[in-house]
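Below is one structure, written out as structure tokens, with a few remarks after it.
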Amino acid sequence: MARYSKQREVIENILHSTTAHPSAAEVYAKAKEVIPNISLGTVYRNLDSLSHDGEAQSFTVGDIAHFDGNIAPHPHFFCTKCGRVKDLECDMDKLLSLMTGLDGCEVDSETVLLGGLCSECV
Numbered sequence: 000m001a002r003y004s005k006q007r008e009v010i011e012n013i014l015h016s017t018t019a020h021p022s023a024a025e026v027y028a029k030a031k032e033v034i035p036n037i038s039l040g041t042v043y044r045n046l047d048s049l050s051h052d053g054e055a056q057s058f059t060v061g062d063i064a065h066f067d068g069n070i071a072p073h074p075h076f077f078c079t080k081c082g083r084v085k086d087l088e089c090d091m092d093k094l095l096s097l098m099t100g101l102d103g104c105e106v107d108s109e110t111v112l113l114g115g116l117c118s119e120c121v
């Protein structure tokens, strides 16, 4: 686990205060409101560290990395029109049990990302 820093604490608080799954640029904009002299590089390093340490999830939609402070295994839905990402409620163990082709495999991480049009873009 990385050492404590004010920057890391602010970035972690941003992730835990939203369900919007922000990009690094969006986290950077929010962090600058609290720490005006924070650099984009610092935000990227801390997001990578939080993801690596298991304190945040990261996943890529298109070519944009999104971050989630909710580390419990859960699937996501992204809108291919507006780009919105949202959490889906699902029993991940049950979902994994329905999948075929896992014979003899040991799953130690899950990323379920469904895409389509959200209710506002349909």
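Residue 38 in numbering that gives the first Met the number 0 sits at position 39 of the sequence shown, with consecutive numbering throughout.
C-beta: ideal position from N, C-alpha, C; glycine also.
Exposed unless 16 or more other CB atoms sit within 10 angstroms - verdict on residue i
i, result
"His65", "buried"
"Gly103", "exposed"
"Asp67", "buried"
"Ala27", "In the sequence as displayed, the identity of residue 27 is Tyr instead of Ala. Buried: at least 16 other Cβ atoms inside 10 Å."
"Leu14", "buried"
"Ala55", "buried"
"Leu46", "buried"
"His157", "Only positions 0 to 121 of the chain appear in this structure, which leaves residue 157 out of reach."
"Leu49", "buried"
"Ala30", "buried"
DSSP beta-bridge partners of residue i
i, result
"Lys5", "According to DSSP, Lys5 bridges with nothing at all."
"His65", "Ser22 and Phe58"
"Val84", "Phe77"
Continuous alpha helix (DSSP H) stretch holding residue i: start and end
i, result
"His51", "Leu39 to His51"
Endpoints, beta strand (DSSP E) assigned at residue i
i, result
"Leu97", "No beta strand (DSSP E) contains Leu97, which is instead part of the alpha helix (DSSP H) from Met91 to Leu97."
"Leu113", "Leu112 to Gly115"
Supposed close pair residue i, residue j - CB separation, criterion 8 angstroms
i, j, result
"Ile70", "Gly82", "Contact flag wrong, Cβ pair sits at about 23 angstroms."
"Leu116", "Lys85", "No, Leu116 and Lys85 are not in contact; Cβ-Cβ is about 13 angstroms, not under 8 angstroms."
"Phe58", "His75", "7 angstroms"
"Leu94", "Val111", "7 angstroms"
"Ile63", "Ser4", "About 25 angstroms separates the two Cβ atoms, so there is no contact after all."
Stretch-stretch touch, CB-based, cutoff 8 angstroms, three pairs: the segment 4 to 19 with the segment 38 to 58
yes
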